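Following: one structure in structure tokens, then a few remarks.
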Amino acid sequence: MSHALDLSASIQASSWRRRFLQPLMRQRSAVVGLVIILAYVLAALFAPWLATHDPTAQDLGAALQGPSAAHWLGTDSFGQDLYSRLLYGAQLALIIGFASVALGLVVGVAIGLAAGLIGGRTEWVLMRIVDGLLAFPELILAMAFMAVLGLGTENLVYALALSFVGPFARMTRGDVLQVKSQPFIEAARLMGVPTLAIIWRHVLPNVVSPILVQAGMRVSIAILLESGLSFLGIGVVPPTPDWGLMIAEGRGFITIAPWISGVPGVALAILLVALNLLGDGLRDAFDPNTQKDA
Amino acid sequence: MQETIFSLLDVERVYTLGATGWFHRETRQLKALDGVRLELKRGDTLALVGESGSGKSTLIRLMLGLEPASDGRVLYGQHDLAHLDAEARKRFAREVAFIYQNARGSMNPRMRIADILAEPIRLHRLCEEQAIPARVEALIARVGLPAGLLQRFPGELSGGQVRRIAIARALAAEPTVIMADESVAGLDVSVQAQVLNLLRDLCRESGITLVFITHDLGVASYLCEKIAVLYLGRIVEQGPTHDILSAPRHPYTKALLQAFPRFDAPLCASLKGEIPSPVNLPKGCRFAGRCAQVQPACLEVDPPLTLLTPERQVACLFPVVNPC
Chain A
1 MSHALDLSAS IQASSWRRRF LQPLMRQRSA VVGLVIILAY VLAALFAPWL
51 ATHDPTAQDL GAALQGPSAA HWLGTDSFGQ DLYSRLLYGA QLALIIGFAS
101 VALGLVVGVA IGLAAGLIGG RTEWVLMRIV DGLLAFPELI LAMAFMAVLG
151 LGTENLVYAL ALSFVGPFAR MTRGDVLQVK SQPFIEAARL MGVPTLAIIW
201 RHVLPNVVSP ILVQAGMRVS IAILLESGLS FLGIGVVPPT PDWGLMIAEG
251 RGFITIAPWI SGVPGVALAI LLVALNLLGD GLRDAFDPNT QKDA
Chain B
1001 MQETIFSLLD VERVYTLGAT GWFHRETRQL KALDGVRLEL KRGDTLALVG
1051 ESGSGKSTLI RLMLGLEPAS DGRVLYGQHD LAHLDAEARK RFAREVAFIY
1101 QNARGSMNPR MRIADILAEP IRLHRLCEEQ AIPARVEALI ARVGLPAGLL
1151 QRFPGELSGG QVRRIAIARA LAAEPTVIMA DESVAGLDVS VQAQVLNLLR
1201 DLCRESGITL VFITHDLGVA SYLCEKIAVL YLGRIVEQGP THDILSAPRH
1251 PYTKALLQAF PRFDAPLCAS LKGEIPSPVN LPKGCRFAGR CAQVQPACLE
1301 VDPPLTLLTP ERQVACLFPV VNPC
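Those sequence lines, one after another, are chains A and B. Under the numbering used here, the first residue of the first sequence is numbered 1, with each subsequent residue one higher. Under the numbering used here, the first residue of the second sequence is numbered 1001, with each subsequent residue one higher.
Quick look at the structure:
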């Protein structure tokens, strides 16, 4: 019996590999993106050990220094170590990026599911709210909410999440409507499967993959928005090590100390490219519309 | 006397078609079923035969409770399908299984065959959790497929395999009634024969009541003891398979039989034209426009389904006398 279980488990594992890992691995660019992102994640995770200085320790005597043995990537106008700030900044960027997308996804998918499944007047009301959210560009919406909520990391996550609710809700609803009309949903109802089980077992698994692909793409948008808001001074509060803030701080010294803006700028650009590569790869691998070897 | 499982009492199903113009909301009515009376006893095997658009699928959807009857009543045992309480609905879901025409579409593409087959077993708690794998293996063996397919997904199976999985799933809940919609249409003849034999064995061994939709009279005669011929939402002839095939009394049945290809006779297209739209039903007999033996009275009087013999009913003013 245990042997049979092992066997089925190994079949399951190998087919997981076949269904998930292999199509992804076939996307060369996605693998590159994934490796870069893993490097960022590791840097963020081990920031306390990798950093050479306290990211917020000011040393005005050592301000505006270029890269050296003591400060690997130089210092900013307050004498803060850019290398350390960069590591902690990665932490913040990734946390805000993933947290805001996760929150927006949960709320958006819930709204989309409710609208798609219940239909009727509920659907109408929910979708008009979503239309309202979608009427504003993401940056404007997030700015408006930061203005209302006030500055701070936590509020930034809420503001960004809110700007993602609309797209996720609309997408989920569309997919749910499509799946709902499939015969296997009716077949399940006919067999007497309870409604909640139908949603959980039959509807959700069939809408989840495009949503996850979309989520992967949104993370990069979230990080970009977060840096943008911080750059504009309505995101996180200084002296928190944040890339957007660091770029903004370096702006005044761009001619005499270009590394202050340059270092976080390059780090941000590489991360965004990597996230987009992974997102595109995920889409190509799992979106049935673009699947080549279906 | 066998117990009556299904009785349909003058069932009608009317679809309201939407507005045709921009401003004048003119609604038209489409009668997909028009006064169907049918009785199904335990152990019966009934074939619903008719052209596309004759209302076969609508009839079966009504019998499954997927759509409400616009008029008349569908009784399952003693209960009206439209007013089942939760307990009775659960029992109905277990006792009546449906095999979809689109077998692949009726399975969740993200579930393994093993899970698809286990779902009804688990749902109705037919056996203990540990016994489910063995049960699933027995099911797939019963439809003649290797157990290796259990770890596959529906998309990885061939058309014939998916049909048989659909039958296996229908059997999983140990139903007493199986309804099948064109379950063998479009299959290879060899696979078709396998599926038909499987269904026939099931009916003979387990005494399952079968309602089988088909437009193939050969399939109907192989599988079913009774035939109901539908035309434009009404049963025009009904009775034992053998009697109907050897001596059709309704001109439509006769025409259908003649349109069936045979080895020893040239094929004549006995049915001219298309089935008329059920939106504008002609006055009088609905088959009059295509009938070979149409008479003036046919254009005036709509013939009711009348008993010829205790088992045989036909809806025709001038039933065919000479066997074809």
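Ideal placement from N, C-alpha and C gives every residue a C-beta, glycine not left out. Note that this is a predicted model, so its numbers are computed, not measured.
Cβ neighbours of S2(A) in the same chain (closer than 8 Å, five flanking residues each side left out): Taking the first sequence and counting its residues from 1, the one referred to as residue 2(A) is at position 2. Any reading at S2(A) needs caution, since the residue's pLDDT is 44, under 50, leaving its predicted position unreliable; the model's value is listed next. Excluding positions up to five away in sequence, the list is empty.
Would you check if there are 3 or more beta carbon pairs closer than 8 Å linking the region 1027-1035 of chain B to the region 1274-1285 of chain B? Yes: the two stretches touch, three or more of their Cβ pairs being nearer than 8 Å.
Report yes if the CB atom of I256(A) is closer than 8 Å to the CB atom of V109(A), and no otherwise. The sequence position of residue 256(A) within the first sequence is 256, counting from 1. The sequence position of residue 109(A) within the first sequence is 109, counting from 1. Cβ atoms of I256(A) and V109(A): not closer than 8 Å.
Quick check on DSSP: helix, strand or coil for G33(A)? Walking along the first sequence from the start, residue 33(A) turns up at place 33. The answer is helix: DSSP assigns G33(A) an H, G or I state.
May I ask which residues mark the beginning and end of the beta strand (DSSP E) holding Q1238(B)? By one-based count along the second sequence, residue 1238(B) stands at place 238. Counting along the chain, the beta strand (DSSP E) containing Q1238(B) begins and ends at R1234 to P1240.
Consider the Cβ of Q291(A): report whether some Cβ of chain B lies at a distance smaller than 8 Å. Within the first sequence, numbered from 1, the residue matching residue 291(A) stands at position 291. With a pLDDT of 47 at Q291(A), under the threshold of 50, the modelled position of that residue is not reliable, and the figure given next carries that caveat. No, Q291(A) lies away from the interface with chain B (no Cβ there is under 8 Å from its Cβ).
Assuming L1117(B) contacts A1172(B) (C-beta within less than 8 Å), just tell me the rounded distance between them. As a position in the second sequence, residue 1117(B) is number 117, starting the count at 1. As a position in the second sequence, residue 1172(B) is number 172, starting the count at 1. About 6 Å separates the beta carbon of L1117(B) from that of A1172(B), a gap short enough to meet the 8 Å contact definition.
Assign G1160(B) to one of three DSSP states: helix, strand, or coil. For the purposes of this step, residue 1160(B) is identified with residue 160 of the second sequence, where counting begins at 1. Note: G1160(B) maps to helix in three-state DSSP.
Is any beta-carbon of chain A found at less than 8 Å from that of E1129(B)? In the second sequence, the residue the question calls residue 1129(B) occupies position 129. Taking 8 Å as the CB threshold, E1129(B) stays off the interface with chain A.
Candidates L224(A), L177(A), L82(A) and E186(A): which alpha carbon is nearest I95(A)'s? Position 95 of the first sequence holds residue 95(A). Nearest of L224(A), L177(A), L82(A) and E186(A) to I95(A), Cα basis: L224(A).
Give the DSSP bridge partners of H1083(B), in chain order. Residue mapping note: residue 1083(B) aligns to position 83 of the second sequence, counting from 1. When beta bridges are read from the DSSP output, H1083(B) appears opposite no residue.
Unbroken alpha helix (DSSP H) run spanning A93(A), endpoints: If you number the first sequence from 1, residue 93(A) lands on position 93. A93(A) -> alpha helix (DSSP H) spans L82 to I118.
CB of G33(A) within 8 Å of CB of L275(A), strictly: Start at 1 with the first residue of the first sequence, and residue 33(A) comes out as number 33. Start at 1 with the first residue of the first sequence, and residue 275(A) comes out as number 275. For G33(A) and L275(A), yes; Cβs fall inside 8 Å.
Let me know the secondary structure DSSP gives S1052(B) once reduced to three states. Against the second sequence, residue 1052(B) aligns to sequence position 52. The DSSP-derived three-state label of S1052(B) is coil.
Roughly how many angstroms lie between the CA atoms of Q1293(B) and P1251(B), to the nearest whole one? Position 293 of the second sequence, counted from the first residue, corresponds to residue 1293(B). Position 251 of the second sequence, counted from the first residue, corresponds to residue 1251(B). Spanning the two alpha carbons is a distance of roughly 7 Å.
Please list, in chain order, the chain A residues whose beta carbon lies closer than 8 Å to that of F1098(B). Locating residue 1098(B) in the second sequence gives position 98, counting from the first residue. What F1098(B) touches in chain A: A187 and L190.
Between A222(A) and V101(A), which are expected to be in contact by the criterion C-beta below 8 Å, what is the C-beta distance as a whole number of angstroms? Looking up residue 222(A) in the first sequence gives position 222. Looking up residue 101(A) in the first sequence gives position 101. Distance from A222(A) to V101(A) at the Cβ level is roughly 5 Å; contact confirmed, criterion being Cβ atoms closer than 8 Å.
Here's the rule I'm using: 16 or more other beta-carbon atoms within 10 Å means buried, otherwise exposed. How should P1304(B) be labelled? For the purposes of this step, residue 1304(B) is taken as the residue at position 304 of the second sequence. Around the beta carbon of P1304(B), fewer than 16 other beta carbons sit within 10 angstroms, so the residue counts as exposed.
So, does the region 1135-1143 of chain B touch the region 1178-1188 of chain B, judging by three or more C-beta pairs under 8 Å? Taking a cut-off of 8 Å for Cβ pairs, the region 1135-1143 of chain B and the region 1178-1188 of chain B do not touch, as fewer than three such pairs fall below it.
Starting from S1007(B) and walking both ways along the beta strand (DSSP E), at which residues does that stretch end? Numbered from its first residue, the second sequence carries residue 1007(B) at position 7. Run containing S1007(B): T1004 to L1017, per the beta strand (DSSP E) assignment.
Taking the alpha helix (DSSP H) that V1330(B) belongs to, which residues open and close that run? Outside the shown range of chain B, which is 1001 to 1324, sits residue 1330(B), and nothing can be said about it.
Terminal residues of the continuous beta strand (DSSP E) containing K1031(B)? Along the second sequence, read from residue 1 onward, the residue named residue 1031(B) stands at position 31. Where K1031(B) is concerned, the enclosing beta strand (DSSP E) stretches over R1028 to K1041.
Would you tell me roughly how many angstroms separate the C-alpha atoms of L1084(B) and Q1192(B), rounded to the nearest one? Position 84 of the second sequence, counted from the first residue, corresponds to residue 1084(B). Position 192 of the second sequence, counted from the first residue, corresponds to residue 1192(B). Whole-angstrom Cα-Cα distance: 36 Å.
Alpha carbon to alpha carbon, how far is G1148(B) from R189(A)? Give it in angstroms, no decimals. Here residue 189(A) refers to the residue found at position 189 when the first sequence is read from its first residue. Here residue 1148(B) refers to the residue found at position 148 when the second sequence is read from its first residue. The straight-line gap from Cα to Cα measures roughly 28 Å.
Let me know the secondary structure DSSP gives V1096(B) once reduced to three states. Numbered from 1 along the second sequence, position 96 holds the residue referred to as residue 1096(B). V1096(B): strand per DSSP, three-state reduction.
Distance cutoff 8 Å, beta carbons only. Does P205(A) sit that close to anything in chain B? Translated into the one-based positions of the first sequence, residue 205(A) becomes position 205. When Cβ-Cβ separations below 8 Å define contact, P205(A) makes contact with chain B.
Would you mind working out which of H53(A), P238(A) and Q58(A) sits nearest L151(A), comparing C-alpha positions? Position 151 of the first sequence holds residue 151(A). When C-alpha distances from L151(A) are compared across H53(A), P238(A) and Q58(A), the shortest belongs to P238(A).
Can you give me, in chain order, the residues of the region 76-100 of chain A that have a beta carbon less than 9 Å from any beta carbon in chain E? Of the protein chains in this structure, namely A and B, none is chain E.
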